[in-house]
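Peer 1: Once you've had a glance at the structure underneath, I'll fire off some questions.
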Amino acid sequence: MPRTYKRAENARGYQKYGEAALQKCLKAIQNGMTHRKASEMYGIPRTTITNRLQGKTGEKVGGRRAFTDEEEQLFVDCLVVMRDSGLAVNEHDLRFVVKSYLTEVGKTVPRFADNKPGPDWTKLFLGRHPELAFLETNRKGKGNIPEETLSACVKELIESSDIPGVEIAISDVPEIMQHFLDV
């Protein structure tokens, strides 16, 4: 089971207000209220208000994702095709597909041990992609798909990919998978 995040006691606090409150605050300022008065009224720091009005909004806080949206969609499509081919796909297969992809592309993700994502990453990935709800998450042990088949499939997918630095057309995925399933 994934770990529960606990913020350090002395860590910086983030937003204690919602986006709706911020929008009301900005609207009040546009209607003539001063920044100081709006800050006190809505409980939003003045610098946050100023930065938002000047268009200086930062990136999201927290860690960055390991893969682009296109790469994640490639993993999703690969698993969907495997399922449609009659294979029982589980979380281990997802993790191995990702590891094979990283090996083939020559990319290293420092937070993955042996370049293989862990159960925490897998849970977050499945949360971002509800279309993968079909994965057999309660089955213990390794997947039933031979690692050689998965590895060869990922290699073939990469060679025909559309991702920058990688070559694949999603329409080719079923043909590629069928080729390896027939072997």
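Just add 18 to wherever you are in the sequence shown, counting from 1, and you've got my numbering.
For glycine and all other residues, C-beta sits at the position ideal for the given N, C-alpha and C.
On a CA-only basis, which of Pro-128, Asp-102, Thr-140 and Arg-129 is nearest Val-115? Give me that one, please.
Peer 2: Thr-140
Peer 1: Mind checking who Ala-131 pairs with in its DSSP beta bridge?
Peer 2: Per DSSP, the beta-bridge partners of Ala-131 are Lys-134.
Peer 1: Which of the three DSSP states is assigned to Ile-194 in this structure?
Peer 2: Reliability of the predicted coordinates at Ile-194 is poor, the pLDDT of 49 falling under 50, and the value obtained from them is presented with this limitation in mind. Three-state DSSP puts Ile-194 in a helix.
Peer 1: Between the C-alpha atoms of Ala-131 and Leu-112, what's the straight-line distance to the nearest angstrom?
Peer 2: 15 Å
Peer 1: Do Leu-92 and Leu-150 have their C-beta atoms closer together than 8 Å?
Peer 2: Against a cut-off of 8 Å, the Cβ pair of Leu-150 and Leu-92 comes out as no contact.
Peer 1: State buried or exposed for Leu-71, treating a residue as buried only when at least 16 other CB atoms are found within 10 Å of its CB.
Peer 2: exposed
Peer 1: On the three-state DSSP scale, how would you describe Ile-188?
Peer 2: Because Ile-188 carries a pLDDT of 41, less than 50, the predicted location of this residue cannot be relied on, and no value is offered for it.
Peer 1: If you follow the alpha helix (DSSP H) that Gln-41 is in, where does it begin and where does it stop?
Peer 2: 37-48
Peer 1: Rounded to the nearest angstrom, what separates Tyr-204 and Asp-138 at their Cα positions?
Peer 2: Past the boundaries of the shown model lies residue 204; the chain is included only from 19 to 201, so the question cannot be answered.
Peer 1: What's the C-alpha gap between Cys-171 and Lys-24?
Peer 2: 39 Å
Peer 1: Please report the straight-line C-alpha distance between Tyr-60 and Gly-50, rounded to a whole angstrom.
Peer 2: 15 Å
Peer 1: Would the beta-carbon of Phe-94 fall within 8 Å of that of Tyr-32?
Peer 2: Looking at the sequence provided, one finds Val at residue 94 rather than Phe. No; because the gap between Cβ atoms is not below 8 Å, this pair is not in contact.
Peer 1: Under a three-way DSSP split, which group does Ala-84 fall into?
Peer 2: coil
Peer 1: What distance in whole Å lies between the Cβ atoms of Asn-108 and Leu-40, which are believed to be in contact at a cut-off of 8 Å?
Peer 2: No, Leu-40 and Asn-108 are not in contact; Cβ-Cβ is about 42 Å, not under 8 Å.
Peer 1: Just the Cα atoms here: how many angstroms apart are Gly-81 and Ala-29?
Peer 2: Between Gly-81 and Ala-29, the C-alpha separation is close to 15 Å.
Peer 1: Less than 8 Å between the C-beta atoms of Thr-68 and His-53, yes or no?
Peer 2: yes
Peer 1: Quick one: using the 10 Å Cβ neighbour count with 16 as the cut-off for buried, is Glu-89 buried or exposed?
Peer 2: buried
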